[in-house]
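Protein chains in written order, with the working numbering: chain A, 2 to 117; chain B, 8 to 117.
A virtual CB, placed ideally from N, CA and C, is assigned to each residue, including glycine.
On a predicted model such as this, the values are computed, not experimentally measured, just so you know.
Scroll down for the structure; my scribbles are underneath it.
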């Protein structure tokens with residue numbers, strides 16, 4: 002079964018500093034990997050996805066992630082944090098192409114705090 | 008239309024009530040999902056419908072009953088819930104290589 006592990010349930014950065022949120026995956030087949038953001042009392046918004054095309058994936062709001070097969074990692078980064086980035090971030094893995102109704106499994110989440 | 012719409016946004020129900028959650032999408036997605044999310048936890052998969060047929064049931068108690076009347080609609084019927092069922096219920100749809108989530112229904116069982 003596919004799974005993802007997010008290291009660090011809470012990450013705190015200063016405004017303007019680099020954001021790095023860690024995600025490692027476990028998969029017996031090439032995975033489909035996603036990063037979602039969730040603001041309080043809201044649903045999930047897709048930041049970016051990896052589906053076996055380019056290993057460096059650019060997403061919305063200045064976020065990007067790099068798929069590293071040798072390290073089984075898919076870490077999320079943003080060069081300069083903004084106050085509006087404060088939210089819960091989830092890494093997720095799908096066990097196949099999503100059109101057929103495959104299971105999307107989430108990591109435990111990382112709460113990002115941005116300080117002045 | 009690139010949204011998944013969930014109604015109601017908030018619901019308070021007693022343990023003897025029957026209520027339904029509704030989810031609608033008009034993106035032509037053929038897979039639809041129900042997830043349950045407790046506070047400070049990740050979403051947990053409950054049900055998956057693929058081409059209007061139930062394809063995955065993650066051992067969900069029978070007091071939760073899903074229904075997919077057509078390719079655009081997904082319902083979750085609730086009956087005899089327990090206080091521990093209070094959570095955010097998220098609907099999602101997918102096609103190709105992406106999932107789209109609704110904003111959820113915040114359910115409180117009293």
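Boundaries cannot be given for residue 22 (chain B), as no beta strand (DSSP E) includes it and DSSP labels it neither H nor E. Within the DSSP bridge table, the entry for residue 35 (chain A) names A:50 and A:93 as partners. Taking 8 angstroms as the cut-off, the Cβ atoms of residue 19 (chain B) and residue 115 (chain B) count as close. Close CB contacts of residue 47 (chain A) within its chain, under the 7 angstroms cut and outside five residues either way in sequence, are with 35 and 37 (chain order). When 8 angstroms is used as the limit between beta carbons, residue 49 (chain A) is near no residue of chain B, the shortest such separation being about 10 angstroms.
Relative to the Cα of residue 103 (chain B), the nearest Cα in the group A:20, A:93 and A:103 belongs to A:103. Counting along the chain, the unbroken beta strand (DSSP E) around residue 75 (chain A) starts and ends at 74-79.
A straight-line Cα-Cα distance of about 32 angstroms links residue 77 (chain B) and residue 117 (chain B).
Below the 7 angstroms Cβ cutoff, chain A contributes 44 as neighbours of residue 111 (chain B), in chain order. Interface criterion not met: the Cβ of residue 114 (chain B) is under 8 angstroms from no Cβ in chain A.
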